[in-house]
Amino acid sequence: GENVEQHPSTLSVQEGDSAVIKCTYSDSASNYFPWYKQELGKRPQLIIDIRSNVGEKKDQRIAVTLNKTAKHFSLHITETQPEDSAVYFCAAATSGSARQLTFGSGTQLTVLP
Amino acid sequence: EAGVAQSPRYKIIEKRQSVAFWCNPISGHATLYWYQQILGQGPKLLIQFQNNGVVDDSQLPKDRFSAERLKGVDSTLKIQPAKLEDSAVYLCASSGLAGGGTGELFFGEGSRLTVL
């Protein structure tokens, strides 16, 4: 089955700096890669996703890049703000008849004011 | 639009006792998932339903865990008997497009289980 590895497990940045979180996946059939943000005690919420037919997607301060050859994808957050502090999870899935997300282990991002 | 509803939010039980969690997905969502999230880890899929049928339960510890979605709407996840390692948050999620498709997964707030 699919295995997703995520690094780093913790990341501290100064407010206004950029943050980058990286994930690798094992199943070459995976073609859907979402990122979820989970605040303490809250539900995971989708912040951005990318499909394998594109290499990069951007939404305001958040961008995701995908390298299918190397089987890795990354989340980039620019101009970080204290409210960006949360745990971020990457995931991978196939868009088949029964999509199943395999999650990474999470990155605790702390934005220092 | 109402989100995914779960109850109870918190449950504390002794080991070997039983517990049940309930989930009501977003109206019209055919696909329902139960995930287990152990502290400090990512969510791990336990079972996936499409309407009232099981799509995948390969990671469900069937000797102690069971789940059902009898009318294709609400779902119940049961643990009997519970073990210490079952302490986790149980997340229910639903998806709006049949067969997964491009539907986003919407998560509930989760049910936090502590086994003493």
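Those protein sequence lines, which keep their order, are chains V and A. Its first residue numbered 1, the first sequence is counted upward by one per residue in our numbering. Its first residue numbered 1001, the second sequence is counted upward by one per residue in our numbering. Beta carbons: idealized from backbone N, C-alpha and C, even for Gly. All of these numbers come straight from a predicted model, not from anything done at the bench.
Determine the chain A residues that contact residue i at a beta-carbon separation under 8 Å, and present them in chain order.
i       : result
V:Pro44 : Pro1043, Leu1091, Phe1107
Taking all protein chains shown into account, do 16 or more other C-beta atoms lie within 10 angstroms of the C-beta of residue i, making it buried, or fewer, making it exposed?
i         : result
A:Tyr1010 : exposed
V:Val54   : exposed
A:Asp1063 : exposed
A:Gln1080 : exposed
V:Gln60   : exposed
A:Pro1043 : buried
A:Ser1075 : buried
A:Gly1100 : Residue confidence for A:Gly1100 is low, a pLDDT of 49 falling below 50, so the modelled location carries little weight and cannot support an answer.
What is the DSSP secondary structure of residue i, reduced to helix, strand or coil?
i         : result
A:Glu1085 : helix
V:Asp17   : coil
V:Asp84   : helix
A:Val1004 : coil
V:Asn53   : coil
A:Gly1053 : strand
A:Arg1112 : strand
A:Ile1026 : coil
V:Ser97   : Its pLDDT being 49, under 50, V:Ser97 is placed unreliably in this model, and the value from its coordinates should be taken loosely. Coil, per DSSP.
Report the neighbours of residue i on chain A: residues whose CB is nearer than 7 Å to its CB, in chain order.
i        : result
V:Ser105 : Gln1041, Gly1042
V:Ala100 : As written in the sequence, residue 100 of chain V is Gln, which differs from the Ala given in the question. In chain order: Leu1045, Gln1048, Asp1056.
Spatial neighbours of residue i within its chain, please: CB distance less than 6 Å, with the 5 preceding and 5 following residues excluded, ordered by chain position.
i         : result
V:Lys37   : Gln45, Ile47, Ala86, Tyr88
V:Gln117  : This structure gives no information on residue 117 of chain V, because the portion of chain V shown stretches from 1 to 113.
A:Glu1116 : Reading the sequence as shown, one finds Leu at residue 1116 of chain A and not Glu. Excluding positions up to five away in sequence, the list reads Glu1014.
Can you list the residues of chain A that residue i reaches, using a CB-CB cut of under 9 Å?
i       : result
V:Phe89 : Gly1042, Pro1043
Find out if the Cβ-Cβ distance for the pair residue i, residue j is shorter than 8 Å.
i         : j         : result
A:Ile1012 : A:Thr1114 : yes
V:Ala92   : V:Ser52   : no
A:Tyr1035 : A:Leu1070 : no
V:Ser12   : V:Thr80   : no
A:Gln1059 : A:Thr1031 : no
V:Cys23   : V:Gly104  : yes
A:Ser1111 : A:Gln1006 : yes
Output, in chain order, the set of chain V residues within a Cβ distance shorter than 8 Å of residue i.
i         : result
A:Gly1028 : Going along chain V, no residue has its Cβ under 8 Å from A:Gly1028, so there is no contact; the nearest lies around 17 Å.
Among residues of its own chain, excluding the 5 on either side of residue i, which ones have a beta-carbon nearer than 8 Å to its beta-carbon?
i         : result
A:Gly1108 : Gly1003, Val1004, Ala1005, Gln1006, Cys1023, Leu1091, Cys1092, Ala1093
Once the 5 residues before and after residue i are set aside, which same chain residues still bring their CB inside 7 Å of it?
i         : result
A:Asp1057 : Ile1047
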